[in-house]
Each structure stands twice: as structure tokens, then as C-alpha cells.
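Taking it in order: structure first as C-alpha cells, then the write-up.
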Amino acid sequence: MKVAIPRFEEKVAPCYEYSATIAIFTLDGLELVDQVDFRLESRNVFDRLRLLRDQQVDVLICGGVENTFEDMLKANGIRVISWVSGGVEELLVKYLKGELEPGRGDQDAGTCPAERPKETGGTDKARKGSNR
779 MKVAIPRFEE
789 KVAPCYEYSA
799 TIAIFTLDGL
809 ELVDQVDFRL
819 ESRNVFDRLR
829 LLRDQQVDVL
839 ICGGVENTFE
849 DMLKANGIRV
859 ISWVSGGVEE
869 LLVKYLKGEL
879 EPGRGDQDAG
889 TCPAERPKET
899 GGTDKARKGS
909 NR
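Remember, the working numbering sits 778 above the position in the sequence shown when you count from 1.
Given below as C-alpha cells:
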């Protein structure tokens, strides 16, 4: 099984689409077998999806992710655990223990500039400069 975590230094990146590096962990059961870091040169979502597919990633653990891109990942068989925050190693350990749950897109997790999850599902475009 392979688990990918976009990173900013040693923490999960706040927004997958804007992250510059991603760590891909190869697991054999609960044992870490390998880790490879990739520099993400393109911000194109199709390039990023292609990398995950080419690397045969099963799970993406990330801070924020745009709903449209999350839907594309899921349609390609990649499980997404989004809106989480913390250190990369800490999140991987929580995942291995079965303790990692997706967040709600609140201020404690990542923030993507384009979209945030709605309580009722679907997409809710972020409104800059609005007090609503």
C-alpha cells in the first residue's frame, strides 16, 4: 500500500494544489518499507493526479484540497483523508493506528484559496473580503 502526504517542511501542506513537495510512503501492513519525496514542479491538477497514479498511491492524506480535485482523486481509486493538520510522521502513525479522520475544513486544518467543504456537501466557493 502507498500513502502520499503533501508536505511543507515537516508538516502536512495546508493546500495540496499549492504544495511543492509530496512524500510517498510504501507500507507492508503496519511496517514502513520505503519513503520517496517528490518535488511538485507543476501545479496542474492533471499532472499531480498522474504522479499519484503512476506511483500507485492508494491514499492521499492532506490539509486542504479543492472539492473538484478531491472528486477526481476518488474517481481514480485514491482514498482521500483531507482537512487534517499536523506533522507528516504524526499523521502517518495516526493513519496506521486507524485513528485518522477527515476534518471539516475549519481553521485548524488546511485552507485552499478556491474552495472549502460545505456542511451540506457540494462546494462552497470562498468569498474574499466578505463578512458573510
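Glycine included, each C-beta is placed from N, C-alpha and C at the ideal position.
| message | To the nearest angstrom, how far is the alpha carbon of R882 from that of A798? | response | Near 24 Å, if we compare the C-alpha coordinates of A798 and R882.
| Out of A853, N845, D812 and L827, which has the shortest C-alpha to C-alpha gap to L870? | For L870, the closest alpha carbon among the candidates A853, N845, D812 and L827 is that of D812.
| query | Where N822 and M850 are concerned, what is the direct C-alpha to C-alpha distance, given to the nearest angstrom? | reply | Using only the alpha carbons, I get a separation of about 13 Å.
| Candidates V837, Q834, L810 and L878: which alpha carbon is nearest V862's? | Answer by Cα proximity: L878.
| CB of L805 within 9 Å of CB of V781, strictly | Contact: yes.
| task | Counting only the same chain and skipping the five closest in sequence on each side, list residues whose C-beta sits under 8 Å from that of E788. | result | Cβ neighbours of E788 beyond the five flanking positions: G865, V866 and E867.
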